[in-house]
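First comes the structure, then the notes that go with it.
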Amino acid sequence: MILSLNWITLRVRDLEASLNFYHRILGLPIERRFESRGKQIVMLGTEGQPKIELIQGNDPALKPECGVSVGFEVESLDEAIEHLKSQGIPVARGPVTPNPHLRFFYVLDPDGFEVQLAEHR
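In case it helps, this note's numbering puts the sequence shown at residues 2 to 122.
This is the structure we're talking about:
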């Protein structure tokens, strides 16, 4: 069996706040927006890459403290930190350098989920 990651679903309380974070601040393009069974859904991401699926809901099915995080690769960790700080998004943890080839830090999305930004050297 050959698998490839298709998408990660986040159930969010405020779809517009989450869209502001993932689309406007992080820069993920909106692939499509639609309604299914009374729920507003937005797929974010680029062609050929796994997507982030945001589903509007009253109560997230996954609690932020469960240990799940969403990770993205960046070209420059320092530039990413400065960009996020300029948008009012503080660093929640890090930066961490576990080895000479990797640096990363975490921020929190509007629902409190950890989002990791990593730079491989």
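Idealized CB from N, CA, C, for every residue including glycine.
These numbers were taken from a predicted model, which means no experiment stands behind them.
query: Can Q117 and S87 be called in contact, C-beta distance under 7 angstroms?
result: Mapped onto the sequence shown, residue 117 falls at position 116. Mapped onto the sequence shown, residue 87 falls at position 86. Cβ atoms of Q117 and S87: not closer than 7 angstroms.
task: Select from L6, Y23 and S37 the residue whose C-alpha is nearest the C-alpha of D112.
output: Working through the sequence shown from its first residue, we reach residue 112 at position 111. Here the closest residue by C-alpha is Y23.
field: Three-state secondary structure (DSSP) of A119
entry: Here the question's residue 119 lines up with position 118 in the sequence shown. Correct three-state label for A119: strand.
query: In or out: L45 buried (at least 16 other Cβ within 10 Å) or exposed?
result: Walking along the sequence shown from the start, residue 45 turns up at place 44. Counting Cβ neighbours within 10 Å, L45 comes out buried, since at least 16 surround it.
task: Compare the C-alpha of V97 against each of I90, E83, F106 and D110 and name the closest.
output: Translated into the one-based positions of the sequence shown, residue 97 becomes position 96. The shortest Cα separation from V97 among I90, E83, F106 and D110 belongs to F106.
- prompt: Does the distance from the CB of L55 to the CB of S77 come in under 7 angstroms?
  reply: Reading the sequence shown from its first residue, position 54 is the one you call residue 55. Reading the sequence shown from its first residue, position 76 is the one you call residue 77. No, they are not a contact pair.
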